[in-house]
Amino acid sequence: MNTSSTYNVLVFDSGVGGLSVFQEIQAMLPNLNYVYVFDNEAYPYGELSPEILLARVNQIVLQHTQKHQIDLVVIACNTASTIVLPKLREQLTIPVVGVVPAIKPASLLSNDSVALIATPATITRKYTKELVRDFANGKTVEMLGSTKLVDMAEQKLRGKAVDSQELSQLLEPICNRVDVAVLGCTHFPLIKEEIGQALGKGVTLVDSGEAIARRVKALILQLEATTKPAQRPHLIYSTAPTWQEGALNNSLHKLGFSPVKIFPIQGV
Ligand code: DGL
Numbered sequence: 001m002n003t004s005s006t007y008n009v010l011v012f013d014s015g016v017g018g019l020s021v022f023q024e025i026q027a028m029l030p031n032l033n034y035v036y037v038f039d040n041e042a043y044p045y046g047e048l049s050p051e052i053l054l055a056r057v058n059q060i061v062l063q064h065t066q067k068h069q070i071d072l073v074v075i076a077c078n079t080a081s082t083i084v085l086p087k088l089r090e091q092l093t094i095p096v097v098g099v100v101p102a103i104k105p106a107s108l109l110s111n112d113s114v115a116l117i118a119t120p121a122t123i124t125r126k127y128t129k130e131l132v133r134d135f136a137n138g139k140t141v142e143m144l145g146s147t148k149l150v151d152m153a154e155q156k157l158r159g160k161a162v163d164s165q166e167l168s169q170l171l172e173p174i175c176n177r178v179d180v181a182v183l184g185c186t187h188f189p190l191i192k193e194e195i196g197q198a199l200g201k202g203v204t205l206v207d208s209g210e211a212i213a214r215r216v217k218a219l220i221l222q223l224e225a226t227t228k229p230a231q232r233p234h235l236i237y238s239t240a241p242t243w244q245e246g247a248l249n250n251s252l253h254k255l256g257f258s259p260v261k262i263f264p265i266q267g268v
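All residue numbers for the sequence shown refer to the UniProt record's numbering, where the first residue is 1 and numbers rise by one.
Take a look at the structure:
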């Protein structure tokens, strides 16, 4: 791959959480063209029915893979990945990478109990239960599902500081009970420092971002040569108008994106 031609990668989430995954991928693969798409019209995914979620993600990803000649898709959302991957892979000929809670590495690191902090939907999914059954390595996994934590990450990216007292209250059920906590929602690495402070020094935080970036790199290296032109800045689309658009665009600009454009979902 040279600087004049590159691959087009689509990164998808319900909101800004997938930007934590984008940052890990971009650090490893700085020369790709990134298109970030978020379904804010149906946010929060952690409270959406699996049927609606499946239909929406499918439709939105298909729309954008065609529009932007995408070479690889990253579903940078645990809540969506636990149900949409088989159907997407069935329909697309390009690689589709998902993100699921890092239960396995966390359990290997732990000498005590593990916490899974995720959305209300992720902690109840069959996929998650099987992940815990197969990879918890005999450790107890305490589940904490919260949309409020997801909202806090959305607010932080719009310039609002995290309320440490509120955060401590939300994390209270797992406080002093675990030595490793899995950030099982892609929004949470955006407030990792604050979560770390609330849980205390004795708790190691684990997320899936770097593992996803390594997987994307391995898949990109297997792709055939491309003639797609390298483009800057990266593109970002929402399915509905965003709140505090100006503040959000400021943060996005720092990450190398042009301002958010609206591209509504079609036919769902
Ligand atoms: N970022 C998402 C995840 O990883 C979902 C947040 C939401 O919309 O509830 O699960």
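All C-beta atoms in this analysis are idealised placements derived from N, C-alpha and C, irrespective of residue type, glycine included.
Is it the case that the CB of Y237 approaches a heavy atom of the ligand DGL more closely than 7 angstroms?
Stepping through the sequence shown from its first residue, residue 237 is reached at position 237. Not under cutoff, so the answer is no.
Cβ of N137 within 8 angstroms of any chain B Cβ:
Of the protein chains in the structure, only one exists, and it is not chain B.
Secondary structure of L171, DSSP reduced to three states:
Position 171 of the sequence shown, counting from 1, holds the residue named residue 171. Looking at L171 - three-state DSSP - the assignment turns out to be helix.
By Cβ distance, which residues of its chain are closer than 7 angstroms to residue 278, with the 5 residues on each side in sequence left out?
It is not possible to answer for residue 278, since the shown part of the chain is limited to 1 through 268.
Helix, strand or coil for V16? Go by DSSP, reduced to three states.
Taking the first residue of the sequence shown as position 1, residue 16 is located at position 16. Three-state result, V16: coil.
When DSSP labels each residue in this structure, what does Y7 get in the three-state scheme?
Sequence index remark: in the sequence shown, residue 7 carries index 7 (1-based). Y7 falls in the coil class under three-state DSSP.
Given 7 angstroms as the limit, tell me if C185 has its C-beta closer than that to any heavy atom belonging to the ligand ADP.
In terms of ligand content, the structure shown lacks the ligand ADP and carries the ligand DGL instead.
By Cβ distance, which residues of its chain are closer than 7 angstroms to F135, with the 5 residues on each side in sequence left out?
Here residue 135 refers to the residue found at position 135 when the sequence shown is read from its first residue. Within the same chain, F135 has close Cβ partners I103, K104 and S107.
Could you give the DSSP three-state label for L48: helix, strand or coil?
Taking the first residue of the sequence shown as 1, we reach residue 48 at position 48. In the structure shown, L48 sits in coil (DSSP, three-state: anything other than H, G, I, E or B).
Beta-carbon proximity check, V74 vs V11, cutoff 8 angstroms
The count along the sequence shown starts at 1 and reaches residue 74 at position 74. The count along the sequence shown starts at 1 and reaches residue 11 at position 11. Closer than 8 angstroms, so yes.
From which residue to which residue does the beta strand (DSSP E) around I236 run?
By one-based count along the sequence shown, residue 236 stands at place 236. Unbroken beta strand (DSSP E) run through I236: L235 to S238.
Give the C-beta separation of F207 and P189 to the nearest angstrom, bearing in mind that I take them to be a contact with Cβ-Cβ under 8 angstroms.
The sequence position of residue 207 within the sequence shown is 207, counting from 1. The sequence position of residue 189 within the sequence shown is 189, counting from 1. According to the sequence displayed, residue 207 carries Asp and not Phe. Confirmed, about 5 angstroms.
Residue range of the alpha helix (DSSP H) that I103 falls in?
In the sequence shown, residue 103 corresponds to position 103, counting from 1. First-last of the alpha helix (DSSP H) with I103: I103 to L109.
Boundaries of the alpha helix (DSSP H) in which L72 is found, first to last residue
Here the question's residue 72 lines up with position 72 in the sequence shown. Per DSSP, L72 belongs to no alpha helix (DSSP H); it is in the beta strand (DSSP E), L72 to I75.
Counted within 10 angstroms of its Cβ, other Cβ atoms place residue 270 as buried (16 or more) or exposed
The structure shown has nothing for residue 270, since the chain only spans 1 to 268.
Starting from L205 and walking both ways along the alpha helix (DSSP H), at which residues does that stretch end?
For the purposes of this step, residue 205 is identified with residue 205 of the sequence shown, where counting begins at 1. Taken as a continuous stretch (DSSP letters only), L205 belongs to no alpha helix (DSSP H), being part of the beta strand (DSSP E) at T204 to V206.
DSSP three-state call for F263: helix, strand or coil?
Looking up residue 263 in the sequence shown gives position 263. Three-state result, F263: coil.
Which same chain residues end up closer than 8 angstroms to Q266 when comparing Cβ atoms and leaving out the 5 residues on each side of it in sequence?
Taking the first residue of the sequence shown as 1, we reach residue 266 at position 266. So the list reads Q59 and Q63, once near-sequence residues are dropped.
Assign V268 to one of two classes, buried (16 or more other C-beta atoms within 10 Å of its C-beta) or exposed (fewer than that).
Your numbering for residue 268 matches position 268 in the sequence shown. The residue is exposed, with fewer than 16 neighbouring Cβ atoms inside 10 Å.
By how many angstroms is the C-alpha of L255 removed from the C-alpha of L92?
Counting from one through the sequence shown, the residue named residue 92 turns up at place 92. Counting from one through the sequence shown, the residue named residue 255 turns up at place 255. One C-alpha to the other measures close to 28 angstroms.
Closer than 8 angstroms is the cut-off here; do at least three beta carbon pairs connect the region 140 to 154 with the region 209 to 226?
no
Strand pairing of A218, partner residues [DSSP]:
Counting from one through the sequence shown, the residue named residue 218 turns up at place 218. Paired residue(s): none; A218 is not in a bridge.
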